[in-house]
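A.B. asks: Numbering (full-length UniProt numbering), first residue to last: 1 to 296. Note that the Cβ used here is the ideal one computed from N, Cα and C, for glycine as well. Given the structure is predicted, the values throughout are model-derived calculations rather than measurements.
1) What do you get for residue 75, buried or exposed, if any count of 16 or more other CB atoms within 10 angstroms of its CB means buried?
2) Under the DSSP definition of a beta bridge, which residues are partnered with residue 145?
3) For residue 123 and residue 244, which I take to be in contact (beta-carbon distance under 8 Å), what is that distance rounded to the nearest angstrom?
4) Give me, in chain order, the residues of the same chain whose beta-carbon lies closer than 7 Å to that of residue 232; leave out the 5 immediate sequence neighbours on both sides.
5) Looking at the unbroken alpha helix (DSSP H) that takes in residue 186, where does it start and where does it end?
6) How about residue 68 and residue 127: are their beta carbons less than 8 Å apart?
7) Buried or exposed for residue 150, please, with buried defined as at least 16 other CB atoms from any protein chain shown within 10 angstroms of its CB.
8) Going by beta-carbon coordinates alone, are residue 99 and residue 166 separated by less than 8 Å?
9) Bridge partners of residue 69, per DSSP?
10) Suppose you measure from the CA of residue 213 to the CA of residue 222; what does that come to, to the nearest Å?
11) For residue 116, tell me which candidate among 173, 92 and 291 has the shortest Cα-Cα distance.
12) Using CA coordinates, which residue listed in 248, 206 and 250 is at the minimum distance from residue 237?
13) For residue 256, report the span of its alpha helix (DSSP H) as first-last.
14) I'd like to know if the stretch 44–62 and the stretch 87–95 are in contact, where contact means that at least 3 CB-CB pairs between them fall below 8 Å.
15) With a CB to CB cut of under 6 Å and the five nearest residues on each side skipped, what residues in its chain are close to residue 241?
16) Taking only the alpha-carbon atoms, compute the straight-line gap between residue 188 and residue 33 and give it to the nearest angstrom.
17) Quick check on this structure: which residue in 256, 268, 210 and 102 has the alpha carbon closest to the alpha carbon of residue 284?
18) Using 10 angstroms around the beta-carbon of residue 156, count the other beta-carbons present and answer buried if the total reaches 16, otherwise exposed.
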């Protein structure tokens, strides 16, 4: 994992040996041995998918503003763009699977695309639990995947096998993440597209009309889909995502609240403060101070 020099540290999938495959599997102990203790606990925005499966002991992990308690069989699923922080817990043992987004959203074979579509990653919660059978399946598949990734020579055959094993690994997890998921409705698919588009433009605080235009639907169709699937309007969905981004930047960067407001498309600082107070219930600076005190 290689950080880029920004106020909020960004970490991309980077492994000279495994870049061609786009998959890396290690234990939490191995990960901690790779980086200094001070760097390990720095908050980071990840640009890859990460699956953490607790295999022993107890510990915690922080994703955005949710502190997750971990015991054997607990799973943390982190998406690209989310902010996470490792917690320095010596008693926790875990497997850590890192996945380049290009692998999970493949452009290769139709069969692989079909299998990945069955994962319904958009529906996965940040935290879920494996039962005994699910944990046993994870451990067995992880052992096979690790043997393949540890081969002295990684050729095209190794890459193909590793990706197929990854598909099996993720499909096995999906049973616990989503249960017996039904086929998504047309409206649910539209909401997924909205969220993907919103991720691209969150720093411009896009209007519903702009998003609807990008998705080639009417604003009324988009709003109706959000109300039916999410229980709130498309405008509310945009505001929720912008507010989350503001919270991330306030707590995890040194930028001023004025600069953050400008970054998120607010022309006046007072408008940003009003928006933030309406969404979060306090001013940006009060939120920043409250969370920084909690982290001391």
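C.D. replies: So, from the data block:
1) The residue labelled residue 75 in the question sits at position 75 within the chain shown. Counting every other CB atom within 10 Å of its CB across the protein chains shown gives residue 75 a total of 16 or more, marking it as buried.
2) Here the question's residue 145 lines up with position 145 in the chain shown. Answer is none; residue 145 lacks a bridge partner.
3) Here residue 123 is taken as the residue at index 123 of the chain shown, counted from 1. Here residue 244 is taken as the residue at index 244 of the chain shown, counted from 1. Not confirmed; about 18 Å, so no contact.
4) Residue numbering aside, residue 232 sits at position 232 when the chain shown is read from its first letter. Excluding positions up to five away in sequence, the list reads 226.
5) Against the chain shown, residue 186 aligns to sequence position 186. Counting along the chain, residue 186 sits inside the alpha helix (DSSP H) bounded by residues 186–201.
6) Working through the chain shown from its first residue, we reach residue 68 at position 68. Working through the chain shown from its first residue, we reach residue 127 at position 127. Cβ distance < 8 Å, so residue 68 and residue 127 count as in contact.
7) On the chain shown, position 150 is the one that residue 150 refers to. Residue 150 should be labelled exposed.
8) Here residue 99 refers to the residue found at position 99 when the chain shown is read from its first residue. Here residue 166 refers to the residue found at position 166 when the chain shown is read from its first residue. Cβ atoms of residue 99 and residue 166: closer than 8 Å.
9) As a position in the chain shown, residue 69 is number 69, starting the count at 1. Bridge partners of residue 69: 60.
10) As a working mapping, residue 213 is identified with position 213 in the chain shown. As a working mapping, residue 222 is identified with position 222 in the chain shown. Approximately 10 Å between the Cα atoms of the pair.
11) For the purposes of this step, residue 116 is taken as residue 116 along the chain shown, with counting starting at 1. Closest by alpha carbon: 173.
12) For this step, residue 237 is matched to residue 237 along the chain shown. Of the listed residues, the one whose Cα sits closest to residue 237 is 206.
13) If you number the chain shown from 1, residue 256 lands on position 256. Run containing residue 256: none; DSSP gives neither H nor E here.
14) Contact holds: three or more Cβ-Cβ distances are below 8 Å.
15) Indexing the chain shown from 1 puts residue 241 at position 241. Within the same chain, 198 and 202 come within 6 Å of residue 241 by CB-CB distance, once the 5 residues on both sides are set aside.
16) Position 188 of the chain shown, counted from the first residue, corresponds to residue 188. Position 33 of the chain shown, counted from the first residue, corresponds to residue 33. Taking the Cα positions, residue 188 is about 42 Å away from residue 33.
17) Along the chain shown, one-based indexing puts residue 284 at 284. Residue 284 has its Cα closest to that of 256, out of 256, 268, 210 and 102.
18) Working through the chain shown from its first residue, we reach residue 156 at position 156. Taking all protein chains shown into account, residue 156 has fewer than 16 neighbouring C-beta atoms within 10 Å of its C-beta and is therefore exposed.
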